[in-house]
Structures are given as C-alpha cells and as structure tokens.
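So the sequence shown is numbered by my numbering: it starts at 345 and just counts up by one.
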Amino acid sequence: MLPRIIHPENLQGYRFSDQDHCRLALLSSPADGDDDRGSQEGISLFLEIHDPCDRVPLHTHHHSAEFYFVLRGTVIFHIEERSITANTGDFVVVPAEAIHDFENPGPDRLYLLTVLNRDEGFSEILRQGIPTALEPEDLEVLRSL
Numbered sequence: 345m346l347p348r349i350i351h352p353e354n355l356q357g358y359r360f361s362d363q364d365h366c367r368l369a370l371l372s373s374p375a376d377g378d379d380d381r382g383s384q385e386g387i388s389l390f391l392e393i394h395d396p397c398d399r400v401p402l403h404t405h406h407h408s409a410e411f412y413f414v415l416r417g418t419v420i421f422h423i424e425e426r427s428i429t430a431n432t433g434d435f436v437v438v439p440a441e442a443i444h445d446f447e448n449p450g451p452d453r454l455y456l457l458t459v460l461n462r463d464e465g466f467s468e469i470l471r472q473g474i475p476t477a478l479e480p481e482d483l484e485v486l487r488s489l
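Spelled out as structure tokens, the structure:
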C-alpha cells in the first residue's frame with residue numbers, strides 16, 4: 345500500500361440527515377485500504393465540523409474507544425455522570441462502552457479530529473449519508489493547522 349496525500353479541497357463532507365448541524369469528512373477508513381484488520385476492526389479517522397449550539401445525541405460504541413483532538417473551538421463532553429470541557433489543542437479519550445454525548449456551546453464552529461480505534465461499520469454508514477461540501481471557512485481552518 346502506498347502512502348496517500350489528502351488535500352482539504354478534495355474532502356467530501358457528509359451529514360447523517362438534512363436536520364444535522366454537523367458535517368463529517370472521512371480522512372481514512374478500512375475501506376480505503378489504510379488498515380488491514382478488516383472493515384469492522386480497522387480504524388477510522390475523520391474531521392468533525394459542528395455548528396454553534398450543535399449537540400451530538402447520547403450514544404456508545406461497544407467495542408471502540410474514541411479519540412478527539414480539538415482543532416478549534418470548545419466542546420463539552422457528557423460522559424456517564426461527568427461533564428468535561430475541552431478547548432483548542434486538548435485531547436479527549438472516550439473509552440469503549442462509555443455512554444456519552446457532546447455539544448458545541450458556541451459561538452463559533454467546533455472542529456474535531458476524531459479516531460475510532462475500531463470502525464464497527466461507522467464509515468460505511470457515514471458514506472450513505474447526505475454528501476455535503478465543506479465550506480471555505482472549513483478549508484481555511486484545515487490549511488491553517
């Protein structure tokens with residue numbers, strides 16, 4: 345497998361529904377051939393863009409830990425009985441099985457670089473979502489890193 349370079353302007357964003365205030369863009373997934381462990385066990389890496397006041401619903405990943413790097417903005421995670429606030433430059437680990445949600449308290453967009461250590465089919469579900477272009481502001485954030 346050869347290395348790949350992914351330029352921000354070539355990223356495809358997706359929304360799960362037309363009601364979502366969040367866009368996700370896959371950077372790497374098992375289907376891309378970047379991980380030889382298979383579609384359920386391979387890692388996935390993606391960019392998350394959350395509009396102000398967006399809140400991701402309560403959920404869990406049964407066999408996958410999630411790793412978040414806050415590229416820009418502020419995020420409040422609600423994990424089990426605890427809330428934690430993370431800001432630009434912070435790294436957050438949510439263990440497998442942890443019931444959690446998170447929110448962007450605003451006033452600006454939130455940008456997260458997220459890793460699922462086991463994809464569990466997430467990337468394929470995402471690719472079945474609504475294709476949504478990344479906006480110039482989003483591309484500028486990526487280029488400024």
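Think of the CB as a built atom: it goes at the ideal place given N, C-alpha and C, for glycine as much as any other residue.
| Asked | Found |
| --- | --- |
| Reference Leu459; option with closest CA among Pro451, Ala440 and Ala477 | Here residue 459 is Val; the residue named in the question, Leu, does not match the sequence. Of the listed residues, the one whose Cα sits closest to Val459 is Ala440. |
| Straight-line Cα distance separating Cys397 from Arg453 | 9 Å |
| Sufficient close CB pairs (3 or more, under 8 Å) joining the segment 400 to 408 to the segment 468 to 481 | no |
| Residues near Ala409 in its chain [Cβ-Cβ closer than 6 Å; skip 5 each side] | Pro439, Ala440 and Asn461 |
| Phe360 - containing beta strand (DSSP E), residue span | Counting along the chain, Phe360 falls outside any beta strand (DSSP E), and DSSP gives it neither H nor E. |
| Contact under 8 Å by Cβ, Ala325 with Gln356 | What is shown of the chain runs 345 to 489, which leaves residue 325 out entirely. |
| For Ile423, the three-state DSSP class (helix, strand or coil) | strand |
| Cβ-Cβ separation, Asn448 to His394 (assumed contact under 8 Å), whole Å | 4 Å |
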